[in-house]
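Engineer: Just so you know, the sequence shown maps onto residues 953 to 1106 in our numbering. For glycine and all other residues, C-beta sits at the position ideal for the given N, C-alpha and C.
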Amino acid sequence: MLMLFAAAAAVPACTGRDLSLSTDARNGDFNGMSHCGTYLVLRNRSRRACQLPGLPTVTLRDAAGRVLPLSRRAPAGMHPGPVTRPVVVPVGGQVATGLRWVSGPVYDHSRKLNVRTAKIAIAGRTLTTQLRATIYAQAGQPASFDQPPLETFR
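1) Whole angstroms are fine: how far does the CA of V1054 sit from the CA of L1079?
2) Could you tell me which uninterrupted alpha helix (DSSP H) segments, each at least 4 residues in length, are contained entirely in the stretch 963-1046, listed from first to last along the chain?
3) How many angstroms separate the CA atom of T1069 from the CA atom of V963?
4) Hey, could you find the ends of the beta strand (DSSP E) L1083 is sitting in?
5) Between the Cα of G1006 and those of R1063, G1050, Q1090 and G1092, spot the shortest distance and give me the residue it belongs to.
6) Please name the residue, chosen from L1004, V1058 and Q1099, that lies closest to A1075 on a Cα-to-Cα basis.
7) For A1085, I'd like the list of residues in its chain whose CB is within less than 6 angstroms of its CB, leaving aside the five on either flank, ordered along the chain.
8) The beta strand (DSSP E) spanning S1055 covers which residue range?
9) Less than 6 angstroms between C-beta atoms, sequence neighbours within five positions excluded: which residues of the same chain meet that for A958?
10) Could you tell me if P1008 is buried or exposed, where buried requires 16 or more neighbouring beta carbons within 10 angstroms of its beta carbon?
11) Any contact of the stretch 1018-1025 with the stretch 973-985, i.e. 3+ C-beta pairs under 8 angstroms?
12) Taking the beta strand (DSSP E) that D1098 belongs to, which residues open and close that run?
13) For a quick check, are the C-beta atoms of R978 and Y991 less than 8 angstroms apart?
14) Taking the C-alpha atoms as reference points, what is the distance between G1044 and A1073?
15) Any C-beta of chain B sitting closer than 8 angstroms to the C-beta of F1097?
16) According to DSSP, which residues form a beta bridge with R1063?
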């Protein structure tokens, strides 16, 4: 077990230049019951394997580039907070986190937020991708989205 940890520790951290960011909704895999979602996919474009934090910070922005008042809900079973291990991304490999949110006015007093971009900060560089989404929340309550840890993506 110690050798596995030492091997993972020897893999350098990914830099923003190593990666590209895109979305993949997998033909609506997340859609249904007033919910939508997409995967945020990070691809290693470098010539070496690198590692990322298991749960990167995602910010969603509106058309004017303003950060929307949204929070990430902790994955089920990870309370009081998630404990995640770094993820190694091989050369040419991809990892992803699946975002999911309420996409319809299901509350008595709904409010909506219009998302136009998603951003992830990696080692001082911000990666950006277009994301057209409408997220609903109860008026007067915080809006949120689900975000599990990164996993291998094919």
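Structural biologist: On the basis of the supplied data:
1) 24 angstroms
2) none
3) 30 angstroms
4) R1077 to Q1090
5) G1050
6) L1004
7) V1067
8) Where S1055 is concerned, there is no enclosing beta strand (DSSP E), given that its DSSP letter is neither H nor E.
9) Note that A958 scores a pLDDT of 47, beneath 50, so its modelled location is shaky; the value from the coordinates is reported in the next line. Excluding residues within five positions, none has a Cβ falling inside 6 angstroms.
10) buried
11) no
12) A1095 to D1098
13) yes
14) 20 angstroms
15) As a matter of chain content, chain B is missing from the structure shown, which is built from one protein chain.
16) A1089
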